[in-house]
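Colleague: Protein chains in written order, with my numbering: chain A, 1 to 292; chain B, 293 to 645. Before I ask anything, let me first share the structure, which is written out below as structure tokens.
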Amino acid sequence: MIKRIFFVFAAMGLGSLGCSAHVPEPTENNPAPTAGVAQIDEYRHTIAKSRFRVGQNSTWVTEGHSRKVSGSDGVFVEDSSNGHVMAILNAHSTARSVPSFGATLAEHNAEVRSYFVRSGLPEREIDRVDGSVVTSGTGRAIDGIRAELVGAQKVGFISTIRRAVDGIPVRDSIAVAAINKDGDVTMETVYWPSIDPAIVREAKALSAVINASNADDYLAKLPHADEDRAGEVVIRHTAFHVEEQPRTIATFERMEKVQNSWVLRRYDLSGRQLSWGQPDAKGALTTQPKQP
Amino acid sequence: MINRISRRMLPAVGLLLVAPRASATPVGYVTTEAVTQYNGSSGDLPNCDTTVNSFRSKLVNNPSSVVQWQTGHVFQNLSAYQSDFYDPERLAGGADQYNFDDPNFPGISYFCGHGTFDNGAWGSPTQFCPTTCNNPYAWWERGTGICRIFPGLYNNQPFCTYDAPREIFGWAQGAQWEVYYSDGPVAWGERSSWAGAGTNGGAKLVVLENSNALLPGFIYTELHQAFAGVHMIAATMPTNGDWGPGSGQRGSLFAQWYVDNPSSSVADAWVYSAAQNTDGISCPVGGGYQGINGCGCTITVSMGATRESADRNRDDTWPNLMDSSRDGDGTTWYSWLYTCNYDSNTYPLPFPI
């Protein structure tokens with residue numbers, strides 16, 4: 001009854017995907033640094049800078065390393081352990097139904113960029129702004145197998161500012177926000193930690209190797225893969241929500257096909273493969289015995 | 293006043309004061325099944341452990357007055373079986389009532405592992421639109437196809453794409469197993485027999501972290517048989533790329549929304565937290581990441597006998613999940629919330645999703 005299909009983990013359309021190095025756009029006011037790498041400071045967002053509204057009856061609570069202010073509309077959280085902030089509306093907040101800022105995603109992206117820069121996020125470290133459209137909808141079955149559309153609507157936009165230092169993307173630094181037509185922030189997350197200059201120097205050295213005419217010598221040192229895609233040099237640091245000791249690496253990462261599966265592998269300057277998986281040992285549990 | 297109460301009575305008085313509040317807090321269970329080792333049949337997925345463990349850990353270890361989460365079943369690698377996911381009333385040998393859909397552990401059931409190879413662009417599609425889509429590319433594809441864009445593929449020219457069975461697969465007892473959640477023997481969350489299944493379900497929310505969990509344009513076809521009372525199914529929906537197996541972030545981020553704001557919307561938590569996921573690779577038309585290798589979307593789906601019940605469950609809060617009076621009551625209507633890691637206004641998905 002059930003068709004037997006050969007399944008492997010991969011995406012056929014992936015052939016057209018490629019990673020490209022992201023070069024920051026220097027401006028007159030924010031020249032790209034070219035000299036030696038100085039300390040890369042963190043940007044720390046706060047509720048004082050935020051346009052998120054927690055609503056009435058706000059109360060402050062400290063839970064472990066999180067400092068929360070909660071109100072009738074939502075919660076704003078500041079994490080003292082790593083400096084990240086997060087703001088989330090309550091499910092029943094009326095602010096969730098206020099239309100989004102801007103008619104297009106590009107307009108929303110520009111507004112979010114402006115909001116964070118005015119709040120103090122260093123503009124020269126902005127690599128790019130990516131956006132998403134949130135959509136809801138409803139459908140109805142027509143023959144027990146297929147369905148027809150009854151209605152769909154845009155719920156809002158989300159814009160994500162990505163970071164780069166000296167042209168090297170810092171993949172895990174983000175400033176994310178959704179803004180409504182009243183100018184209020186309805187969701188935000190900021191994690192923009194300081195970066196060790198030694199890591200930036202290592203990333204630049206790695207980038208020089210990858211872009212050199214003899215890059216094949218480096219690539220030849222990497223473990224065998226059945227196929228691979230163009231990769232890029234990036235800085236990775238522990239994501240804001242992972243409960244472990246912060247860690248930062250400079251790495252060349254690329255998609256590789258191994259055992260019929262496409263995986264993202266990472267290498268250091270010597271060509272050694274790096275493990276990177278945001279482990280969370282606190283959550284590990286031994287598997288349970290099965291019921292008979 | 294209190295002086296008139298004997299010391300022996302004080303504990304009882306205390307109970308009277310706190311017991312009603314304590315009993316009003318619903319209890320929910322987090323059941324996880326994760327397959328990380330595939331013995332060479334496919335690549336290993338070490339971060340599947342990471343994503344389910346961090347999800348469960350954050351819910352269970354962060355008590356709130358909203359839901360009291362406890363650990364349900366934990367089956368990893370060789371202990372995740374095919375029968376864990378099949379309904380015994382629909383398929384002999386199915387045993388989901390003791391495992392993924394256990395009525396004694398009602399709550400959230402989360403799977404992470406490999407999934408379906410066919411992402412809707414099997415081989416080299418040649419049926420460019422506008423045209424009639426009635427000639428599937430592969431023998432396992434079925435029905436009438438639809439025209440849609442695969443962002444960045446073939447200069448964004450729409451082409452015919454067809455539905456194919458959706459599955460999860462693992463490795464246990466010396467062989468690879470598959471479970472086709474799109475094709476009948478799966479029925480999650482059943483508490484009444486309207487779905488032709490039993491009354492022995494416990495899943496209120498099912499999370500599927502697997503390759504090509506859903507295909508845009510075929511969501512109803514692929515999920516309506518699995519809905520048997522479950523409020524919501526949360527998954528990824530790649531559009532030209534794949535779910536990123538290198539990411540262990542998704543479960544942690546999803547749970548972080550609950551930890552930071554237990555009064556948040558469950559669907560918002562799944563969908564909006566995608567924008568905070570820094571794993572994955574870029575999408576050719578811009579954007580990318582969000583735990584997707586390429587272009588893709590993050591989605592929740594709810595179903596009901598009426599539009600009201602489908603829409604209502606799409607808006608579930610965390611305690612709503614544990615409210616059995618809101619259990620799914622049919623599959624005539626469905627309701628969704630999604631976001632993609634690129635501009636889905638410029639590169640639209642087919643409707644209905």
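Where a beta carbon is used, it is the ideal one built from N, C-alpha and C, also for glycine.
1) Which chain A residues sit within Cβ distance under 7 Å of B:Ala487?
2) Interface residues of chain B around A:Val134 at Cβ under 8 Å?
3) Across the segment 515-523 of chain B and the segment 411-421 of chain B, are there enough close Cβ pairs to call them in contact, namely three or more that are closer than 8 Å?
4) Per DSSP, what are the beta-bridge partners of B:Cys587 in this structure?
5) Check B:Phe546 in the structure and name its three-state DSSP category.
6) Under three-state DSSP, which class holds B:Arg604?
7) If you reduce the DSSP assignment to three classes, tell me which class A:Asp166 lands in.
8) Kindly identify the DSSP beta-bridge partner or partners of B:Trp500.
9) Note down the Cα distance separating A:Trp165 from A:Ala205, rounded to an integer number of angstroms.
10) Beta-carbon of A:Ser261 versus every beta-carbon of chain B: anything under 9 Å?
11) Please determine, among B:Cys589, B:Arg434, B:Arg348, the residue with the shortest C-alpha to C-alpha distance to B:Pro508.
12) So, for B:Leu641: in the same chain, excluding its five sequence neighbours on each side, which residues have a beta-carbon less than 6 Å away from its beta-carbon?
13) Would A:Glu244 be called buried (16 or more neighbouring beta carbons within 10 Å of its own) or exposed?
14) If you scan the segment 181-264 of chain A from start to end, which runs of the alpha helix (DSSP H) of 4 or more residues do you find wholly inside it?
15) Verify the contact flag: A:Ser66, CB atom, against every heavy atom of the ligand SAH, threshold strictly below 8 Å.
16) Helix, strand or coil: how does DSSP classify B:Gln419 here?
17) Does chain B have any CB closer than 9 Å to the CB of A:Lys206?
18) Which residues in chain A sit within 9 Å of B:Gly521, going by Cβ to Cβ distance?
19) Which value, in whole angstroms, describes the spacing of the CA atoms of A:His108 and A:Asn214?
20) Just the Cα atoms here: how many angstroms apart are B:Phe409 and A:Thr59?
21) Less than 8 Å between the CB atoms is what I'm expecting for B:Ser565 and B:Trp549, so what's the real figure, rounded?
22) Which same chain residues, not among the five before or five after A:Pro33, have their C-beta less than 7 Å away from its C-beta?
23) Is the separation between the beta-carbon of B:Trp628 and that of B:Ser601 shorter than 9 Å?
24) Can you name the start and end residues of the beta strand (DSSP E) that B:Val558 belongs to?
25) Determine the burial state of B:Ser557: buried for a count of at least 16 other Cβ atoms within 10 Å of its Cβ, exposed for fewer.
26) What number of angstroms, rounded off, separates the C-alpha of A:Thr248 from the C-alpha of A:Pro169?
27) What in chain B is Cβ-close to A:Ile158, meaning under 7 Å?
28) Could you spell out where the alpha helix (DSSP H) holding A:Ala110 opens and where it closes?
29) Is there a Cβ from chain B that is less than 9 Å from the Cβ of A:His241?
30) Is the separation between the beta-carbon of B:Gly437 and that of B:Thr453 shorter than 9 Å?
31) Name the chain A residues that come within less than 9 Å of B:Ser556, Cβ to Cβ?
32) Just checking, does the segment 446-464 of chain B make contact with the segment 397-408 of chain B on the three C-beta pairs under 8 Å criterion?
33) Going by CA-CA distance only, name the one from B:Arg599, B:Met529, B:Gly533 that's closest to B:Thr631.
34) For a contact defined as C-beta to C-beta under 8 Å, what are the partners of A:Asp172 on chain B?
35) Tell me whether the beta-carbon of B:Trp535 lies closer than 9 Å to the beta-carbon of B:Glu482.
36) Flag A:Leu105 as yes if its beta-carbon sits less than 9 Å from any beta-carbon of chain B, otherwise no.
Modeller: Put simply:
1) Within 7 Å Cβ-Cβ: nothing; B:Ala487 doesn't reach chain A, min ~13 Å.
2) What A:Val134 touches in chain B: Val563, Tyr564, Leu629, Tyr630, Thr631.
3) With fewer than three CB-CB distances shorter than 8 Å, the segment 515-523 of chain B does not count as touching the segment 411-421 of chain B.
4) Per DSSP, B:Asn532.
5) Under the three-state reduction of DSSP output, B:Phe546 falls in the helix class.
6) Helix at B:Arg604.
7) A:Asp166: coil per DSSP, three-state reduction.
8) One detail in the question is off: residue 500 of chain B reads as Leu in this sequence, not Trp. Looking at the DSSP assignment, B:Leu500 forms a beta bridge with B:Phe403.
9) What sits at residue 165 of chain A in the sequence shown is Val, not Trp. Taking the straight line joining both Cα atoms gives about 14 Å.
10) In terms of beta-carbon proximity, A:Ser261 lines the interface with chain B, with at least one pair separated by less than 9 Å.
11) Per the Cα distances, B:Cys589.
12) Excluding sequence positions up to five before and after B:Leu641, its CB lies within less than 6 Å of the CB of Pro508, all in the same chain and listed in chain order.
13) Flag for A:Glu244 reads exposed.
14) Listed in chain order, the complete alpha helix (DSSP H) runs (minimum 4 residues) inside the segment 181-264 of chain A are 197-211, 215-220.
15) Questions concerning the ligand SAH fall outside what the structure shown contains, since it holds no ligand whatsoever.
16) Secondary structure of B:Gln419 (DSSP, three-state): coil.
17) According to the sequence shown, residue 206 of chain A is Leu rather than Lys. Under the 9 Å criterion on CB atoms, A:Leu206 is classed as non-interfacial with respect to chain B.
18) Near B:Gly521 there are no residues of chain A at all, since even the closest Cβ is about 17 Å away, more than 9 Å.
19) Straight across, the Cα-Cα distance linking A:His108 with A:Asn214 is about 43 Å.
20) Each residue's alpha carbon lies about 49 Å from the other.
21) The pair is a contact, with the Cβ atoms about 6 Å apart (cut-off 8 Å).
22) Residue placement at A:Pro33 cannot be trusted, given a pLDDT of 46 that sits under 50; what the coordinates show is reported in the next sentence. Spatial neighbours of A:Pro33 in its own chain (CB-CB distance under 7 Å, excluding positions within 5 residues in sequence) are listed in chain order as Asp166.
23) The Cβ-Cβ distance between B:Trp628 and B:Ser601 does not fall below 9 Å.
24) Counted as a single uninterrupted DSSP element, the stretch harbouring B:Val558 is not any beta strand (DSSP E) but the alpha helix (DSSP H) occupying residues 558-564.
25) Result: buried.
26) If you take the alpha carbons of A:Thr248 and A:Pro169, they lie about 13 Å apart.
27) Simply Tyr564, Ala567, Thr631.
28) Element bounds for A:Ala110: 105-119.
29) Interface residue, yes.
30) At a Cβ-Cβ threshold of 9 Å, B:Gly437 and B:Thr453 count as neighbours.
31) Chain order gives the chain A residues near B:Ser556 as Gly74, Val75, Ile88, Leu89, Asn90, Ala91, where near means a beta carbon separation below 9 Å.
32) In the pairwise beta carbon analysis, the segment 446-464 of chain B is classified as touching the segment 397-408 of chain B: at least three pairs are separated by under 8 Å.
33) Ranked by Cα distance from B:Thr631, the first of B:Arg599, B:Met529, B:Gly533 is B:Met529.
34) At a beta-carbon threshold of 8 Å, the residues of chain B lying near A:Asp172 are Thr570, ordered along the chain.
35) No, these two residues do not count as a Cβ contact at 9 Å.
36) Closer than 9 Å to the CB of A:Leu105 there is at least one CB belonging to chain B.
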